[in-house]
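Numbering (the UniProt record's numbering), first residue to last: 1 to 296.
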């Protein structure tokens, strides 16, 4: 990789020639010379210099943006080439939305540890919007989210479907009804996830599909908290069947019979383009696919 770009990036990020030289283990005159060569090669001034700091020119902003992309691609290329020569190993940064991350991912990780002990997972749990953004900014290698996410720089693959039901506590008055009407649902307190959550997106879609206009919404940032509130009789909610398996066994949550439900949604994997996937990412994705094949 062009050493001139590495020096340029360091100067920009340290905002000072001396600090950049110290970080690069070079002399300050050498760093200045490298920047001058780069500016000469490109035929334009890249940095405005003062005694205390440097700042980018408009041309410098363009070069810095592309230099960061070039160095990132070089690191990815080196990783992929090394990956071809070895078994799946190393750090794998995983992101998952709450439903998948809390109720499915632990089973996948247990299998990953058993079959590929040299892969070290690091897990970030967030809502769908946060996980998608983490993939885009390269903070994670692979994300699993509820619903779908479309972006030109993200590869999306649907791996499973999920069913969602309107649920109430077993002692709730609606749990005694053979069938629940839209008018009855509208009078209830709805406990929902926050904006940006895949489950909230599905809930909003439910309201639109069934033409429900709830009078009262209570917003919680945790599925577990929502389940406990439903069990306590605070209100009703729209939840994935995956999240209430234990509650159904304990008979603390009841699925309401509402025409038009349950409604299915997808779980999708988000990554950078396929050609940039490491071996660790590939085996992890295969484990997710195998897990759902066994559920059928």
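Beta carbons: idealized from backbone N, C-alpha and C, even for Gly.
Just to confirm my understanding: we take residue i, look at its own chain, exclude 5 residues before and 5 after, and list those with CB closer than 8 Å. What are they?
i: residue 252; result: 169, 170, 231
i: residue 21; result: 27, 28, 30, 31
i: residue 8; result: 34, 35, 38, 46, 63, 64, 67
i: residue 194; result: 127, 200, 219, 220, 221
i: residue 260; result: 209, 210
i: residue 233; result: 169, 171, 172
Exposed or buried, which one is residue i when buried takes at least 16 other CB atoms within 10 Å?
i: residue 271; result: buried
i: residue 167; result: buried
i: residue 250; result: exposed
i: residue 279; result: buried
i: residue 53; result: exposed
i: residue 197; result: buried
i: residue 256; result: buried
i: residue 43; result: exposed
i: residue 188; result: buried
i: residue 93; result: buried
i: residue 2; result: exposed
Could you give the DSSP three-state label for residue i: helix, strand or coil?
i: residue 220; result: coil
i: residue 41; result: helix
i: residue 197; result: coil
i: residue 157; result: strand
i: residue 178; result: coil
i: residue 63; result: helix
i: residue 253; result: strand
i: residue 212; result: coil
i: residue 72; result: helix
i: residue 272; result: coil
i: residue 188; result: coil
i: residue 163; result: strand
Within its chain, find whatever has a CB closer than 6 Å to the CB of residue i; leave out the 5 residues flanking it on each side and keep chain order.
i: residue 24; result: 10
i: residue 239; result: 167
i: residue 175; result: 168, 254
i: residue 226; result: 191, 220, 237
i: residue 202; result: 164, 265
i: residue 229; result: 191
i: residue 14; result: 20
Beta-carbon within less than 7 Å of residue i's beta-carbon, same chain only, minus the 5 sequence neighbours each way: which residues are those?
i: residue 108; result: 287, 288, 291
Legend entry - Contiguous alpha helix (DSSP H) assignments of at least 4 residues, all confined to the stretch 78-149: 98-103, 105-115, 128-136
Legend entry - At least 3 beta-carbon pairs within less than 8 Å: the stretch 242-260 vs the stretch 113-127: no
Legend entry - Given 8 Å, three or more beta-carbon pairs between the stretch 97-107 and the stretch 135-148: yes
Legend entry - Any alpha helix (DSSP H) of 4 or more consecutive residues that is wholly inside the stretch 224-250: 245-250
Inset, instruction - Would you check if there are 3 or more beta carbon pairs closer than 8 Å linking the stretch 197-214 to the stretch 101-113? - result: no
Inset, instruction - Please specify which runs of the alpha helix (DSSP H), each continuous and at least 4 residues long, are wholly inside the UniProt domain "HTH lysR-type" (1-57), giving them in chain order. - result: 3-14, 17-24, 28-42
Inset, instruction - Report yes or no: do the stretch 174-181 and the stretch 148-163 share at least 3 C-beta pairs separated by less than 8 Å? - result: no
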